[in-house]
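First comes the structure, then the notes that go with it.
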Amino acid sequence: MKKLILGLLVLGMATISHAEMDVCLSNITDSGATLSWISDGTGTCKVNYGVSAGSMTMTGYDIRGSKTVSRIHFVAITDLNPLTTYYYQSIQGNKQDGCGTFTTNHSLVPSGSYLAYGRVLDGYKPAVNCMVSLWLEDGDGNGNQSKSNVASCLTDENGYWFYDLINLRTQDGKGLFEFSKQGDLLYLDVHAEEGIVVKTRIDTGACMPARDMYLK
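Residues -19 to -1, 1 to 197, numbered by mature numbering (1 follows the signal peptide of the UniProt record, and there is no 0), are exactly what the sequence shown covers, in order.
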């Protein structure tokens, strides 16, 4: 499978063709994580997981429902323990897609809100159930002078994505990512069911809403 590449782009948009994507870990907190991937064909999906490779007895399903048939698979696992390593096996239909581990983060409580949102369009129609990966990078030398961890979400029935940036963490997961409400950079990668990927970056002062992104 082709791996997700989180590219650093100049201001603007880029559209590329993309077929498959290995399991991407995002939204890792003290009690949850999201596993998402794109398969070469449509099917249902699930993720088996546990605290050892021999005891992956818990199962998570696509957030859209266990019977969802798609090439894009989006599984959010909850009720995890802080600072714990979990083993996982992703499954699409009856096929094992990938396996690995992830470790949950420290317990942190964000305060306030800074809700970034935007819309993805397929021509003039809403682009539904696209996978949106996003992260912040320092642009003004204030706050955390690096990149945040990666978050993700799906576009809704109107093509909109939403994410509260105060939930982003440092890459080591030990702290919340401190950012400026203007002057830092928000990166967005949009993956569509048809295999199209659209990438852009915007200033944090221009993400409420962000400009529309077009698949074509």
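Glycine included, C-beta positions come from ideal geometry on N, C-alpha and C.
Mark residue i as exposed unless 16 or more other C-beta atoms lie within 10 angstroms of its C-beta, in which case mark it buried.
i: residue 172; result: buried
i: residue 86; result: buried
i: residue 75; result: exposed
i: residue 162; result: exposed
i: residue 139; result: exposed
i: residue 193; result: exposed
i: residue 114; result: buried
i: residue 38; result: exposed
i: residue 179; result: buried
i: residue 23; result: exposed
i: residue 7; result: buried
i: residue 66; result: exposed
Skipping 5 residues on each side, what residues in its chain have a beta carbon closer than 6 Å to that of residue i?
i: residue 195; result: 102
i: residue -19; result: Here residue -19 scores only 39 on pLDDT, less than 50, and its place in the model should not be relied on; the value that follows carries that caveat. Cβ neighbours of residue -19 beyond the five flanking positions: 1, 3.
i: residue 186; result: 163
i: residue 29; result: 37, 40, 70
Short of 7 Å in beta carbon distance, which residues of its chain neighbour residue i, apart from the five on each side in sequence? Order them along the chain.
i: residue 104; result: 197
i: residue 43; result: 26, 49, 54, 55, 56
i: residue 59; result: 12, 13
i: residue 97; result: 144, 146, 167, 188, 189, 191
i: residue 91; result: 147, 148, 157
Taking a contact to mean a Cβ-Cβ separation below 8 Å, would you say residue i touches residue j in this structure?
i: residue 132; j: residue 141; result: no
i: residue 151; j: residue 108; result: no
i: residue 146; j: residue 95; result: yes
i: residue 27; j: residue 46; result: no
i: residue 14; j: residue 64; result: no
i: residue 119; j: residue 110; result: no
i: residue 71; j: residue 16; result: yes
i: residue 4; j: residue 79; result: yes
i: residue 154; j: residue 9; result: yes
Measure the beta-carbon distance from residue i to residue j and round it to whole angstroms, keeping in mind my assumption that it falls under 8 Å.
i: residue 122; j: residue 191; result: Their Cβ separation, rounded to whole angstroms, is 23 Å, which puts residue 122 and residue 191 out of contact at 8 Å.
i: residue 82; j: residue 68; result: 5 Å
i: residue 77; j: residue 20; result: Rounded, the Cβ-Cβ distance is 11 Å, inconsistent with contact.
Which residues in the same chain have their Cβ closer than 8 Å to the Cβ of residue i, if we skip the five residues on either side of it in sequence?
i: residue 149; result: 116, 117, 129, 130, 132, 157, 158, 160
i: residue 174; result: 51, 52, 53, 110, 111
i: residue 183; result: -9, 166, 167, 169, 191, 192
Please list the segments of the beta strand (DSSP E) lying wholly inside the stretch 13 to 42, counting only runs of 3 or more residues, in order along the chain. Taking 3 residues as the shortest admissible run, the stretch 13 to 42 contains the following complete beta strand (DSSP E) segments, listed from N- to C-terminal end: 14 to 24, 26 to 31, 39 to 42.
Beta strand (DSSP E) runs wholly inside the stretch 33 to 121, at least 3 long, in chain order: 39 to 42, 51 to 58, 66 to 73, 76 to 84, 96 to 103, 112 to 118
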